[in-house]
Each structure stands twice: as structure tokens, then as C-alpha cells.
Amino acid sequence: MRGKTSASLLAFAALGACVPQASPPQAAAAPAPVSAPTPTPAIMPAPPALPTAPPPTMQYLYGSGEAAALSIAAYRSLTDFAQTQVAKHPADSVILAEGSTLDAPRFEACGTKPLAAVFDVDETMILNVGEEWHEASSGLPYDSKVWDKWEKTGADKVAPVPGAVAAVNALRRMGVTVIFNTNRLAENAAQTAAAIKFAGLGDAVHRETLFLKGDDNMGSAKDGRRTTIAAKYCVIAMGGDQLGDFTDLFNQQGMSVKGRRDEVSSGWAARLWGAGWFLLPNPVYGSAIKGGFDDVFPMDRRWSVPPEETK
Ligand SMILES: [Mg+2]
């Protein structure tokens, strides 16, 4: 479902390496009567210390004004763009048609279909504050079994992404249907609808305005569900925190970190960001969190402190 890394684990491991110090030597004393030697207590490793602060990625996403400002800006751009599309009823959805490739994209036709906007849920419309608190405070990594329990029981421990409530309200006032397409499990549909409702995002009806992993046989891939939605609606905008919330083409096997970034940054895809496709920030987990030094830092942009500055 979700792939995650946890920076807090590093601090957790380092702290766990601490051991108690040996007692200082005692001053000489009068000889004691001979008796059986006292066993020397074994030095046991201290239990791992719990993290004292959330990892920086969570501080940013769940705590910072900067992330809130980014999200509000993304949702304002989305509603402003939607307003222009409502006025002209575009010829094409912003959903790629079946058979599209990165080199040959085609978009679903709108015809006279009613308008809709399609959103991912996790870290797009709602912040999973309760579950991320569990991970941050325990030092435990993401676990799909724990996440399943979270879906089932955490509906009242989520928060709306800043700007999301205003956006869905504005879209509905324009006559645009708000649809959720998430990789939460179909078997937890009722609890996910409850979480969406609790966050102030209104009603979500399974297989009508709520599409989930398990609704088809494509697993976490969302293109099939998008095709189902586009058969009924002219989709004028999509919002997500992962590239897979827009097309599965960016998650093809073998695509390098740089190749993926290049595809997103050029041609037809680049023209959609902020004009049909709207991305929300998520540095905490997901498909963006990967790459070694060679993927992230080009050889011709590497710098080190010049030797004379180190003296
Ligand atoms: Mg998401």
C-alpha cells in the first residue's frame, strides 16, 4: 500500500547503543571475612530510548506553517482553475485514456458528461495525524497491519489538509462532483467515509464518489479506477500527493529517479501542473522518497569546502 522510510529510526538505533557506565572504584577498606564471591552483574544494554521529537519531515508536513501555506495555495489554484473550466466545459478530461504512453498521451473525452474533480485522500485531503503520531513517538516504521487497524479505528484522529475543506465546498457550489480515489482498502469503505466526513469534507459514497483499492483487480494502480470515473464524468481537475494519483505511467518498473523527474518536468506533463493536475506536499512517505547520491546530486553540481577554507 504505502512505502515509507522513517528518519526517526536512525536516532532510535543510535540511542539504543548506549550502555550503563561501570561503577567507580571503591576506597580500600579493612579485610572482610572470607565468603563466597559475589557474582559480577552482567552489563545489560539499556532499553532503546524513545524519540524525543518527530522526524523533520513530519515537523514540516504536520506542524509547519510553510506546509499549510503550500497546501492552501495548491487548493486555491485548483478552485480558480476549476472555475475557468466550468465556464467553458472542456473537450477533454485531465484523465489519460487507456493505451496512453508517456510519448503518446491521449485524454478521455468529456462530451456532455457532468463535471467532477478527483482527489487522493491520504495526505491530500486528510492528514493522518493519529497514525503518524504512533509512528513518530514509538520509532516504529510503517506497518501495513497497523495501517489497516488505523483505517478501521482512526476516523476521529485525522485532520483536513489546509485548504481542502474550502476547496471541496467551492467545487460543490460550482456544481462539480467531488470524487475520492484512494488506496485505502475497499473492506474499510465505511470507516474511510467516516474519516472524510469527520475532516469536514462531506459525504463519500463507495463506488459513486469513493473509489478504493480492491474495487478492481489492479491493486494499488489507480488508472483503472480513473477510467471508470472518466466514463461517467468530465474530470476537470485532480489533486494528489503522489505522481500515481495522476497516472500510473510515472510508476513504471525500471524508471530511474532522474528519468521520472525529467518526464514530469517536460512536455505535456509539465503543462498540466497547476492547470488540471495539482500536487500537495508530502515529504514523509511515498514514491518521492528514494534515490542515492548519484540520483539526487549530479556530478557537475557537487561542491566541497575549498582546502584553504578548512585550515
Ligand atoms: Mg496520498
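Using my numbering, the final residue of the sequence shown is 518, and nothing's skipped along the way. We treat Cβ as the ideally placed atom computed from N, Cα and C, and that holds for glycine.
Exposed or buried, which one is residue i when buried takes at least 16 other CB atoms within 10 Å?
| i | result |
| --- | --- |
| Asn424 | exposed |
| Ala239 | With a pLDDT of 47 at Ala239, under the threshold of 50, the predicted position of this residue should be treated as unreliable, though the coordinate-derived value follows. Per the 10 Å Cβ criterion, exposed. |
| Ala234 | Note that Ala234 scores 39 on pLDDT, short of 50, meaning its location in the model is unreliable and no value can be drawn from it. |
| Val412 | exposed |
| Leu257 | exposed |
| Phe500 | exposed |
| Lys352 | exposed |
| Ser278 | buried |
| Lys439 | exposed |
| Arg391 | buried |
| Asp452 | buried |
| Ala229 | Confidence at Ala229 is low in this model, with a pLDDT of 35, below 50, so the placement of that residue should be treated as unreliable; the coordinate-derived value is given next. So Ala229 counts as exposed. |
| Glu470 | buried |
| Met265 | buried |
| Pro514 | exposed |
| Ala371 | buried |
Taking 6 Å as the cut-off, does the CB of residue i come closer than this to any heavy atom belonging to ligand 1?
| i | result |
| --- | --- |
| Asp448 | yes |
| Glu330 | yes |
| Asp455 | no |
| Asp327 | yes |
If residue i and residue j are in contact, beta carbons under 8 Å, what's the gap, nearest whole angstrom?
| i | j | result |
| --- | --- | --- |
| Val328 | Thr384 | So it is not a contact: roughly 16 Å between Cβ atoms. |
| Ala159 | Ile443 | As displayed, the chain neither begins before 208 nor continues past 518, which places residue 159 out of reach and without an answer. |
| Thr291 | Ala377 | At roughly 13 Å, the Cβ-Cβ gap does not stay under 8 Å, so Thr291 and Ala377 are not in contact. |
- Query: Do the segment 485-493 and the segment 446-454 make contact, defined as three or more Cβ pairs closer than 8 Å?
  - Reply: yes
- Hey, is the segment 391-409 in contact with the segment 299-316, meaning 3+ C-beta pairs nearer than 8 Å? Too few Cβ pairs lie closer than 8 Å, so no.
- Are there three or more Cβ pairs, one per stretch, closer than 8 Å when the segment 339-358 is compared with the segment 455-468? no
- Check whether the segment 293-303 touches the segment 429-442, counting contact only when three or more Cβ pairs, one atom from each stretch, lie closer than 8 Å. Between the segment 293-303 and the segment 429-442 there are three or more C-beta pairs closer than 8 Å, enough to call the two in contact.
- Task: Evaluate the contact criterion for the segment 262-277 versus the segment 355-364: three or more CB pairs, one atom per stretch, below 8 Å.
- Result: no
- Query: Touch check for the segment 459-475 and the segment 280-296: three-plus C-beta pairs under 8 Å?
  - Reply: Contact between the segment 459-475 and the segment 280-296 is absent, because fewer than three Cβ pairs lie under 8 Å.
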